[in-house]
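This report refers to the structure that appears directly beneath it.
2 protein chains.
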Amino acid sequence: MKSFLINVFAATVCVILFLASTIRAETDPLPSWNDGPTKKAITDFVTIVTTKGGPDFVKPNERIATFDNDGTLWTEKPVYTHAFALLDRVKEQIATDQTLKDRQPYKSIAAKDKEYFAALYENQELDTLADELVALPFGGMTTEEYADWNRAWLKKWKHPKFGVGVQSLTYQPMVELIRYLEVNEFKVFIFTADEGTFLRLVSQELYGLPPDRVYGSHVRTDYLAEGDKAGLVRSYRVDYINNWAGKPRLIEQVIGARPIFAAGNSNGDEHMLQWTARQERRSMSLLVHHTDAEREYAYDTHTDKVLPLAKKENWTVVDMKNDWKTIFPSK
Amino acid sequence: MKSFLINVFAATVCVILFLASTIRAETDPLPSWNDGPTKKAITDFVTIVTTKGGPDFVKPNERIATFDNDGTLWTEKPVYTHAFALLDRVKEQIATDQTLKDRQPYKSIAAKDKEYFAALYENQELDTLADELVALPFGGMTTEEYADWNRAWLKKWKHPKFGVGVQSLTYQPMVELIRYLEVNEFKVFIFTADEGTFLRLVSQELYGLPPDRVYGSHVRTDYLAEGDKAGLVRSYRVDYINNWAGKPRLIEQVIGARPIFAAGNSNGDEHMLQWTARQERRSMSLLVHHTDAEREYAYDTHTDKVLPLAKKENWTVVDMKNDWKTIFPSK
Chain Y
1 MKSFLINVFA ATVCVILFLA STIRAETDPL PSWNDGPTKK AITDFVTIVT TKGGPDFVKP
61 NERIATFDND GTLWTEKPVY THAFALLDRV KEQIATDQTL KDRQPYKSIA AKDKEYFAAL
121 YENQELDTLA DELVALPFGG MTTEEYADWN RAWLKKWKHP KFGVGVQSLT YQPMVELIRY
181 LEVNEFKVFI FTADEGTFLR LVSQELYGLP PDRVYGSHVR TDYLAEGDKA GLVRSYRVDY
241 INNWAGKPRL IEQVIGARPI FAAGNSNGDE HMLQWTARQE RRSMSLLVHH TDAEREYAYD
301 THTDKVLPLA KKENWTVVDM KNDWKTIFPS K
Chain X
1001 MKSFLINVFA ATVCVILFLA STIRAETDPL PSWNDGPTKK AITDFVTIVT TKGGPDFVKP
1061 NERIATFDND GTLWTEKPVY THAFALLDRV KEQIATDQTL KDRQPYKSIA AKDKEYFAAL
1121 YENQELDTLA DELVALPFGG MTTEEYADWN RAWLKKWKHP KFGVGVQSLT YQPMVELIRY
1181 LEVNEFKVFI FTADEGTFLR LVSQELYGLP PDRVYGSHVR TDYLAEGDKA GLVRSYRVDY
1241 INNWAGKPRL IEQVIGARPI FAAGNSNGDE HMLQWTARQE RRSMSLLVHH TDAEREYAYD
1301 THTDKVLPLA KKENWTVVDM KNDWKTIFPS K
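Listed in order, the protein sequences are those of chains Y and X. The first sequence begins at 1 in this note's numbering and counts up by one. The second sequence begins at 1001 in this note's numbering and counts up by one.
Here it is in C-alpha cells:
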C-alpha cells in the first residue's frame, strides 16, 4: 500500500513537471511577433542587460524605456487621433458662435482651406500653428473640463477606416513589448508629440501606464483661486512642443536619465532614438516601419531622415508586415 | 509524550503571538513625532483615505503626495544648500579667469556686493536673476558634467553651523512620513523651487525617491550630436521657475493629477498647498513651521502669506519644537 502511494505520488510529480515545462514553453512573452531577427534582437537585448554579472548588466532602476505613441503604439493614419478631437471641438465652437467663422483659424477650418496652415508650416511658424490648432480649441477650460470633454469624445469616436475606437487601434505586439520590458524591471514611459494630457486619459486602460508615465507637448495653464475653489485653467499658448530635439530635452527634464531603450517611427523621434543609441552602455533603438497596406497602412511620410539613420547607426527596424503576426488586439 | 509535545507546541504559539503583539505595538510608523494633534491629524488622514468602503477612500493610484524640499525635508538656513554650490562654482570660474570680475554678476559676487541682486529682485527681474545665478555658473556643461561636478561637491560640503553633510541635514520625522505614506500606497514626489537636477543626485540616498520622483526649477538644455556622441548641453537660461503658482502648474504637467497630500514651509508653497486643500476629495495640506532655535532655526521669513492662510483654510501646521522628538537622523 505504501509503495503504491509512493508510485502515485511520483507519477503525479512527473505529470506536474511535464505540464509545467509545457506551460513554460508556451509562455512566449511576445506571441504577436513572428520569430526572426527583429524579435531575436529584442529578446537578446533584454537578456543581455538583465543578466547579473554580465558585462552589459544594467541595474533595474536604470532600465528606462521610452516610446513614441502615434504610429509607434497606435495607428496615426489618416491623421493622428487627437486631430479628430480638435476638429470636432472647433466645429462645436463654430456651431455655438457663428461669428468665429470670420476669423482665423476658424475661417480656414470652416472653409476646409489648407493654405493658411500650409503657409504657417512653411514659414516655420510652428508656435503659432500649435497655439491655434492645439491650445485655442480648449482655451479657458479648466484641466478637469478638458479631461471630461476628451473622455466623452474618446468614448464615441470611431476610426474612419477601421470603424473602431482607440481600444482597438493599439499595436498588440507593442503592448506585449511594454509588458515584457516591465516584467524585466524596466520603467516604461511614453513621450508623444501630441498633448500628454490627452493620452493620459486612456494610457492606463490601453498600455497599463499611469498618467505620470506619459509626457507630451503641453499647453500652459494658469492657477486660479476663486471663492473656496482652486484650479488650473488652460491658456491659449503651447509652452512645449515634444518633438525632434524636444524629446531628449523633455526626457532629461522629467526622468533625469538617458533611456537604454527607445522606440519611435518618424523624423520626430530622430533625436530620442539617436541619443539612446549613442551611449557607452548597451542600448536599443527601435524604429517601427509601416509596411503593411493590407492590415494597416504602408507609408514613408516623415521617415526620410530617420530610416537612413537607422541603417547607418544600426538601430533595429520593425517591418510591420513581416515581423508582426497580428497588428491589433483581438478583443 | 504526545500530550507533552502538544503542550510545548501550544506554549510556543502563545509566546509567538505575544511577541507579535508586542512588535506590532512598538511599530510606530512615525517614531520621531511626538504624540499630539499634529501626529494624530496625519495618521487619521491616512487611515481615512485608505479605509476601503469608507466615504473618503481614495484608490492607491490616485494617492499622490507632493513635498517641497528646502525647509520642508532638509535645512534651508542660512541659505538653501544649492546656493553654496553655486557660489563655490562661481569662485572656481573667477579663479580660472580673472577677467570675469569685470562683468556682472561675477563683479558683485567677487565684491560681496548684494545691491546688484537686490535691485534685480525688487524690479521683479526674476528671470534675469535666475539666469545669472542658476544657469550661468554651469552654462555650456553637458548634463553629465554638471552631475559629476555637483556630486563631487556634495561629497565634500559641510554645513557652516552643524558641520555635517546633506545626509545629516534631512528632517528625520519627514523622512518617516514619506515612508509611512509609501507603505500606505501613496506615490510620493518632491517639487522643489531649487533645480531638480541637483536634488536628484541624492534623492534616492536621502529619501528613497528615484530621479523621476523629483521635479524643480529647470535650466533649458540643447541637444548636441557630434561624431559618434550625442548629449544635452546646459544653456544659459532658466526655462521654468518651480515656485508659487509654478508648483501646481508643474505638478499638473508632470503627474497629471491633483495631490491629496502636500507639504511645504513657505510662501513659495502657497499655491500647491491651497490647490491640494481646495478639492472635493479628502486631502491634507501640511505646513512646517520653524520654531526650534535650539535644535535647528526659528524663523518667519517668507511665511507672511502662508501662515495666516494655513489657519484660515484649516491646514495642519507642524510646530517643529513641540511636534518633533528629533530633528535630524541619528546616524
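C-beta: ideal position from N, C-alpha, C; glycine also.
On a Cα-Cα basis, can you pick out the residue from the options that is closest to residue i?
i: residue 1243 of chain X; options: X:1036, X:1316, X:1042 and X:1068; result: X:1068
i: residue 292 of chain Y; options: Y:75, Y:28, Y:128 and Y:56; result: Y:75
i: residue 77 of chain Y; options: Y:65, Y:302 and Y:131; result: Y:302
i: residue 1290 of chain X; options: X:1283, X:1299 and X:1216; result: X:1299
i: residue 1155 of chain X; options: X:1201, X:1305, X:1329 and X:1117; result: X:1201
i: residue 1143 of chain X; options: X:1273, X:1195 and X:1039; result: X:1195
i: residue 140 of chain Y; options: Y:276, Y:221, Y:274 and Y:152; result: Y:221
i: residue 246 of chain Y; options: Y:83, Y:98, Y:312 and Y:271; result: Y:271
i: residue 1192 of chain X; options: X:1329, X:1073, X:1313 and X:1315; result: X:1073
i: residue 260 of chain Y; options: Y:281, Y:251 and Y:121; result: Y:281
i: residue 1152 of chain X; options: X:1088, X:1309, X:1098 and X:1207; result: X:1088
i: residue 1313 of chain X; options: X:1096, X:1295 and X:1283; result: X:1283
i: residue 1180 of chain X; options: X:1161, X:1208, X:1162 and X:1102; result: X:1208
i: residue 86 of chain Y; options: Y:157, Y:308, Y:183 and Y:182; result: Y:157
Report the neighbours of residue i on chain Y: residues whose CB is nearer than 7 angstroms to its CB, in chain order.
i: residue 1252 of chain X; result: 143, 221 and 232
i: residue 1211 of chain X; result: 255, 256 and 257
i: residue 1248 of chain X; result: 223 and 232
i: residue 1179 of chain X; result: Chain Y residues near residue 1179 of chain X: none, gap ~18 angstroms exceeds 7 angstroms.
Report the CB separation of residue i from residue j in whole angstroms; it is logged as a contact under 8 angstroms.
i: residue 1071 of chain X; j: residue 1266 of chain X; result: 6 angstroms
i: residue 148 of chain Y; j: residue 1278 of chain X; result: Actually they are not in contact, since the Cβ atoms of residue 148 of chain Y and residue 1278 of chain X sit about 19 angstroms apart, beyond 8 angstroms.
i: residue 1203 of chain X; j: residue 1240 of chain X; result: Not quite, the Cβ-Cβ distance comes to about 18 angstroms (not below 8 angstroms), so this is no contact.
i: residue 1354 of chain X; j: residue 1059 of chain X; result: The shown model of chain X, from 1001 to 1331, leaves out residue 1354 of chain X, and the question about it has no answer.
i: residue 1093 of chain X; j: residue 1326 of chain X; result: Not really, about 39 angstroms apart at Cβ, beyond 8 angstroms.
i: residue 219 of chain Y; j: residue 127 of chain Y; result: With 8 angstroms as the limit, residue 219 of chain Y and residue 127 of chain Y do not qualify as a contact, their Cβ atoms being about 12 angstroms apart.
i: residue 1316 of chain X; j: residue 1110 of chain X; result: Going by Cβ atoms, the distance from residue 1316 of chain X to residue 1110 of chain X rounds to 45 angstroms, so no, they are not a contact pair.
i: residue 1116 of chain X; j: residue 1197 of chain X; result: Not really, about 26 angstroms apart at Cβ, beyond 8 angstroms.
i: residue 275 of chain Y; j: residue 1130 of chain X; result: Not quite, the Cβ-Cβ distance comes to about 26 angstroms (not below 8 angstroms), so this is no contact.
i: residue 268 of chain Y; j: residue 287 of chain Y; result: The pair is not a contact, with the Cβ atoms about 12 angstroms apart (cut-off 8 angstroms).
i: residue 1250 of chain X; j: residue 1262 of chain X; result: 13 angstroms between Cβ atoms; not a contact.
Please compile the residues from chain X whose C-beta is within a distance smaller than 7 angstroms of the C-beta of residue i.
i: residue 127 of chain Y; result: Ordered by position in chain X, no residue passes the 7 angstroms Cβ test against residue 127 of chain Y, which lies about 14 angstroms from the chain.
i: residue 197 of chain Y; result: 1256
i: residue 245 of chain Y; result: 1223
i: residue 218 of chain Y; result: 1253
i: residue 271 of chain Y; result: 1223
i: residue 281 of chain Y; result: Simply none; closest approach about 12 angstroms.
i: residue 103 of chain Y; result: Within 7 angstroms Cβ-Cβ: nothing; residue 103 of chain Y doesn't reach chain X, min ~29 angstroms.
So with CB distances below 8 angstroms, who are the chain Y contacts of residue i?
i: residue 1200 of chain X; result: 256
Would you mind reading off the limits of the alpha helix (DSSP H) that contains residue i?
i: residue 318 of chain Y; result: Segment 316–319 is the beta strand (DSSP E) holding residue 318 of chain Y; no alpha helix (DSSP H) there.
i: residue 1255 of chain X; result: Note, residue 1255 of chain X: premise wrong, no alpha helix (DSSP H); not H, not E.
i: residue 1116 of chain X; result: 1115–1122
i: residue 207 of chain Y; result: 203–207
i: residue 147 of chain Y; result: 143–156
i: residue 1087 of chain X; result: 1081–1096
i: residue 277 of chain Y; result: 270–277
i: residue 1327 of chain X; result: That residue, residue 1327 of chain X, is in no alpha helix (DSSP H); it is neither H nor E in DSSP.
i: residue 108 of chain Y; result: 106–110
Could you work out which residues of chain Y lie near residue i, taking near to mean beta carbons separated by less than 9 angstroms?
i: residue 1275 of chain X; result: 223, 225, 230, 231 and 232
i: residue 1089 of chain X; result: Simply none; closest approach about 20 angstroms.
How would you list, in chain order, the residues of chain X whose beta-carbon sits under 8 angstroms from the beta-carbon of residue i?
i: residue 61 of chain Y; result: 1204 and 1210
i: residue 151 of chain Y; result: None at all; the shortest Cβ gap to chain X is about 13 angstroms.
Name the two residues that bound the continuous beta strand (DSSP E) containing residue i.
i: residue 237 of chain Y; result: 229–240
i: residue 1287 of chain X; result: 1284–1289
i: residue 299 of chain Y; result: No beta strand (DSSP E) holds residue 299 of chain Y; DSSP gives it neither H nor E.
i: residue 222 of chain Y; result: 214–226
i: residue 127 of chain Y; result: That residue, residue 127 of chain Y, is in no beta strand (DSSP E); its alpha helix (DSSP H) goes 126–130.
Can you name the residues of chain X whose CB is closer than 9 angstroms to the CB of residue i?
i: residue 237 of chain Y; result: Per Cβ cutoff of 9 angstroms: no residues; residue 237 of chain Y is ~12 angstroms from chain X at best.
i: residue 295 of chain Y; result: Simply none; closest approach about 33 angstroms.
The region 1162–1169 of chain X in contact with the region 1044–1051 of chain X per 3-pair CB rule at 8 angstroms: With contact defined as three or more Cβ pairs closer than 8 angstroms, the region 1162–1169 of chain X and the region 1044–1051 of chain X are not in contact.
Segment contact flag, the region 229–249 of chain Y with the region 131–145 of chain Y, C-beta cutoff 8 angstroms, min 3 pairs: Judged by Cβ distances under 8 angstroms, the region 229–249 of chain Y makes contact with the region 131–145 of chain Y, as three or more pairs qualify.
Meets three-Cβ-pair contact criterion under 8 angstroms: the region 209–219 of chain Y and the region 1253–1265 of chain X: Counting Cβ pairs under 8 angstroms, three or more are found: they touch.
Contact the region 1175–1195 of chain X vs the region 1027–1043 of chain X: 3+ CB pairs below 8 angstroms: Under the three-pair Cβ rule at 8 angstroms, the region 1175–1195 of chain X counts as touching the region 1027–1043 of chain X.
The region 1054–1067 of chain X contacting the region 1184–1195 of chain X, beta-carbon criterion three pairs below 8 angstroms: Taking 8 angstroms as the limit for Cβ pairs, the verdict is that the region 1184–1195 of chain X does touch the region 1054–1067 of chain X.
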